[in-house]
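In the UniProt record's numbering, the protein residues as written are 1 to 283.
Even glycine gets a Cβ: it sits at the ideal position worked out from N, Cα and C.
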């Protein structure tokens with residue numbers, strides 16, 4: 001679902017960016033993020049298992065919010081597949097973030113269209129309801145914002161349907177099925193995933209990335225938005241390990257940190273790409 005937000009067509013990199021360090025950097029960073037995702041999954045299972053679901057609280061609210069986010073991803077994947085199967089397509093002509101005229105192809109109905117965009121080809125009669133804000137400077141930001149809105153709307157529909165079906169919070173419905181899971185085990189899995197994923201992510205997103213940046217742009221660090229958020233992610237998981245090892249933040253506190261860490265990763269992957277233009281805008 002995340003990948004379908006972004007362009008399907010492949011564009012060749014400019015020669016300055018073509019380096020084997022790019023492949024090493026991207027592969028290692030993605031592997032690290034994948035391992036850290038395991039920490040999130042285990043931590044979230046821990047929270048579903050131990051948080052009191054008999055009464056409403058801030059904890060149950062945030063658990064439901066995470067469930068809604070997961071359902072939004074699932075719903076978007078389903079909707080995206082349906083529209084792709086229908087060969088749904090709308091092409092807009094617009095002036096992009098670099099002030100160049102280009103065509104932007106949507107593969108689902110355009111709730112949000114590009115600023116001052118004109119439809120040049122369409123397989124249907126649906127027209128955009130609103131235009132994307134002009135301050136969104138990411139590459140193809142209007143299409144990405146449209147995909148995000150579809151994800152949130154369909155996730156809300158799916159969440160409401162499940163709440164009506166279960167007649168209770170979804171977390172409360174799931175909890176009885178987790179009664180045989182030992183909290184200590186999933187807590188340990190979450191922790192060990194960070195122990196493994198943190199150095200892998202550091203190698204890929206910081207060290208290998210800086211080597212590649214030196215080859216591509218003749219400097220190791222340039223405070224590009226992607227670089228900054230990679231550093232923030234590094235500092236967060238470093239703080240996680242410090243609090244776990246030095247302050248005894250195990251169990252529920254550690255689980256909440258693993259959830260927050262995953263939110264930071266997804267913010268870097270989605271929001272930074274959507275809103276901010278930078279040297280990584282080719283991606």
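Three-state secondary structure (DSSP) of residue i
{"i": "residue 126", "result": "coil"}
{"i": "residue 155", "result": "helix"}
{"i": "residue 250", "result": "coil"}
{"i": "residue 14", "result": "With a pLDDT of 48 at residue 14, under the threshold of 50, the modelled position of that residue is not reliable, and the figure given next carries that caveat. Looking at residue 14 - three-state DSSP - the assignment turns out to be coil, as it is neither helix nor strand."}
{"i": "residue 50", "result": "helix"}
{"i": "residue 56", "result": "coil"}
{"i": "residue 72", "result": "helix"}
Which residues DSSP lists as bridging residue i, in chain order
{"i": "residue 113", "result": "131"}
{"i": "residue 90", "result": "106, 122"}
{"i": "residue 95", "result": "101"}
Residue i versus the options, residue with shortest Cα-Cα distance
{"i": "residue 133", "options": "114, 120, 148", "result": "114"}
{"i": "residue 80", "options": "99, 109, 60, 70", "result": "109"}
{"i": "residue 257", "options": "229, 214, 191, 219", "result": "191"}
{"i": "residue 187", "options": "124, 61, 248", "result": "248"}
{"i": "residue 98", "options": "252, 83, 141", "result": "141"}
{"i": "residue 259", "options": "23, 69, 28", "result": "69"}
{"i": "residue 239", "options": "266, 251, 198", "result": "198"}
{"i": "residue 266", "options": "244, 37, 194, 22", "result": "37"}
{"i": "residue 184", "options": "130, 224, 62, 253", "result": "253"}
{"i": "residue 82", "options": "101, 218, 107, 95", "result": "107"}
Distance between beta carbons of residue j and residue i, contact taken as under 8 Å
{"i": "residue 200", "j": "residue 67", "result": "The pair is not a contact, with the Cβ atoms about 28 Å apart (cut-off 8 Å)."}
{"i": "residue 121", "j": "residue 73", "result": "Incorrect: roughly 30 Å between the Cβ atoms, too far for contact."}
{"i": "residue 105", "j": "residue 89", "result": "6 Å"}
{"i": "residue 204", "j": "residue 71", "result": "The pair is not a contact, with the Cβ atoms about 30 Å apart (cut-off 8 Å)."}
{"i": "residue 178", "j": "residue 49", "result": "5 Å"}
{"i": "residue 158", "j": "residue 75", "result": "5 Å"}
{"i": "residue 208", "j": "residue 25", "result": "4 Å"}
Task: Entirely enclosed alpha helix (DSSP H) segments - the UniProt domain "Cytochrome c assembly protein" (152-280), minimum 4 residues - done: Entirely contained in the UniProt domain "Cytochrome c assembly protein" (152-280), the alpha helix (DSSP H) runs reaching 4 residues are, in chain order, 170-174, 183-201, 208-217, 225-246, 252-266, 272-275.
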